[in-house]
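Data first, discussion second: the structure below is written as structure tokens.
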Amino acid sequence: MDSTPADTSASAETSTTNHPMAPHNDIEAFHQVLKSSRRILALCGAGLSASSGLPTFRGAGGFWRNYDATQLATVRAFKMDAGIVWLFYSYRRHLALKAEPNMGHRALAALARRNMDFLCLTQNVDNLSQRAEHPSSQLKSLHGSLYDIKCSNESCDWIQKGNFDDPFCAALAPASVDMPNGEPLPLLDPYHRVKHIGEDEIPKCPQCKKGIQRPGVVWFGEDLDANMMMDISAWMRAEPIDLMFVIGTSAQVYPAASYIDKARKRGARIVTINPEAEDEAEMYKIKPGDFAFGRDAAECLPILLEPVIGKPDEDGEFGMP
Ligand code: BJW
Numbered sequence: 003m004d005s006t007p008a009d010t011s012a013s014a015e016t017s018t019t020n021h022p023m024a025p026h027n028d029i030e031a032f033h034q035v036l037k038s039s040r041r042i043l044a045l046c047g048a049g050l051s052a053s054s055g056l057p058t059f060r061g062a063g064g065f066w067r068n069y070d071a072t073q074l075a076t077v078r079a080f081k082m083d084a085g086i087v088w089l090f091y092s093y094r095r096h097l098a099l100k101a102e103p104n105m106g107h108r109a110l111a112a113l114a115r116r117n118m119d120f121l122c123l124t125q126n127v128d129n130l131s132q133r134a135e136h137p138s139s140q141l142k143s144l145h146g147s148l149y150d151i152k153c154s155n156e157s158c159d160w161i162q163k164g165n166f167d168d169p170f171c172a173a174l175a176p177a178s179v180d181m182p183n184g185e186p187l188p189l190l191d192p193y194h195r196v197k198h199i200g201e202d203e204i205p206k207c208p209q210c211k212k213g214i215q216r217p218g219v220v221w222f223g224e225d226l227d228a229n230m231m232m233d234i235s236a237w238m239r240a241e242p243i244d245l246m247f248v249i250g251t252s253a254q255v256y257p258a259a260s261y262i263d264k265a266r267k268r269g270a271r272i273v274t275i276n277p278e279a280e281d282e283a284e285m286y287k288i289k290p291g292d293f294a295f296g297r298d299a300a301e302c303l304p305i306l307l308e309p310v311i312g313k314p315d316e317d318g319e320f321g322m323p
């Protein structure tokens, strides 16, 4: 049990009729709220996978070679240089294949197995929640998957699910190199020249034979899957929401971030888990009745969810309900 001293800030002391007073980082108080919560939503971001060794998008680690990762996640970048964008995604496919789901992924998966009314929205494309055996009906991958492949021709609907080829194709082999003794991968050094990869070296779409294959992720300016969005809206409208977890996300990208306010309007108390959550600049986001834990998600989620999922066994498994 955490022994963090009770917070005495103004926001933590505020209370409303619906939300009894509780310090924002009081684990005992959070456990009481969790035990009385049935409909639970989560929004996850790159910080959930940080402890598995996968870089986040913004802040430290948000650069790949000398490119801003968010600038590479665009149709424009792919049209300008499909080869460099594919190298970025091939590297991330390789890294995520080697990574292991952490205790945060496992704890959320265990919560889902125990509570059919828990829905998890993940912005992550790394497949780690799936590998932690999060039930697929309770997991919505808002931004697609590194392991889905689509056609770059907007009028072609070809999609291949679950392609784990590593390297994805011969030209992308430099992104799948494992260096001895933890030496840095030459590809990551911006001063290391990489051979230009032409579009003719990237596999063509087998259906339309016009477009080249591209990662099945959602880039800026692209719509999220319409059926998935409708499912999420239906879930949110069906009944009030008791609690929403906001885990390891900067909540800067829409429509993902908009689910926080939507859940709040449906009655949810918000619990944020993010090392920055208790920074002074972030405290204004904590409304009366909310919780915020400025900690690593992998370390914190098992503690927060313990009243529902129990303690993990020696293999780090929460077992079946
Ligand atoms: C830890 C930790 C530890 C570290 N434990 N935590 C409304 C207003 C304004 C703009 C828009 C709007 N609606 C739509 C837009 C446009 C745009 C948008 O949101 N722009 C913003 C930049 C303002 N959105 C879109 O274009 C979306 N499409 C869309 O809306 O279509 C309709 C439309 C089209 C055109 C115009 C208008 C509407 C699509 C968004 C797709 C985002 N795609 C990416 C790439 C996916 C593929 C890939 O992975 O490469 O998704 S961008 C990138 O950001 C990726 C992420 O999923 C996403 C969110 O990032 P995330 O996960 O929050 O990561 P970070 O790095 O930002 O934060 C990590 C956090 O973890 C930090 O806070 C750390 O502190 C924390 N952390 N260690 C816990 N151990």
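In terms of my numbering, the sequence shown opens at residue 3 and continues consecutively.
We put the CB at the ideal spot given by N, CA and C, even for glycine.
This one's a predicted model, so the numbers in the text were calculated from it and none came from an experiment.
### Query
Relative to ligand 1, is the shortest distance from any of its heavy atoms to the C-beta of D150 smaller than 7 angstroms?
no
### Task
Using the Cα positions of C158 and K81, report the straight-line distance between them to the nearest angstrom.
16 angstroms
### Task
Note the first and the last residue of the continuous alpha helix (DSSP H) segment covering F90.
A84 to K100
### Message
Quick check: what's the CA-CA separation for E1 versus T72?
### Response
There is simply no residue 1 to check, as the chain begins at 3 and stops at 323 in what is shown.
### Message
ligand 1 and W88: does any heavy atom of the ligand fall closer than 7 angstroms to the residue's C-beta?
### Response
no
### Message
Taking only three categories from DSSP, how would you classify T10?
### Response
Model confidence at T10 stands at a pLDDT of 36, short of 50, so the residue's coordinates are unreliable; what they give is reported in the following sentence. T10: coil per DSSP, three-state reduction.
### Message
Is it buried or exposed, N381, if we count other Cβ atoms within 10 angstroms and call 16 or more buried?
### Response
Residue 381 is absent from the model: the chain starts at 3 and stops at 323.
### For I249 and M322, the rounded distance between their alpha carbons
23 angstroms
### Query
Is I275 near ligand 1, in the sense that its beta carbon is under 7 angstroms from a heavy atom of that ligand?
yes
### Query
From C207, Y286 and I275, pick the residue whose C-alpha is nearest to that of L110; which is it?
I275
### Message
Would you say the beta carbon of E102 is closer than 7 angstroms to some non-hydrogen atom of ligand 1?
### Response
no
### Task
Counting only the same chain and skipping the five closest in sequence on each side, list residues whose C-beta sits under 7 angstroms from that of K197.
none
### Query
DSSP state of D244, grouped into three classes?
coil
### Query
Do the segment 258–271 and the segment 163–177 touch if we need at least three Cβ pairs shorter than 8 angstroms?
no
#### Entry: Contacting residues, own chain, Cβ-Cβ under 8 angstroms from A253 (five flanking each side not counted)
L45, G47, A259 and I262
#### Entry: Contacting residues, own chain, Cβ-Cβ under 8 angstroms from N165 (five flanking each side not counted)
Y149, D150 and I151
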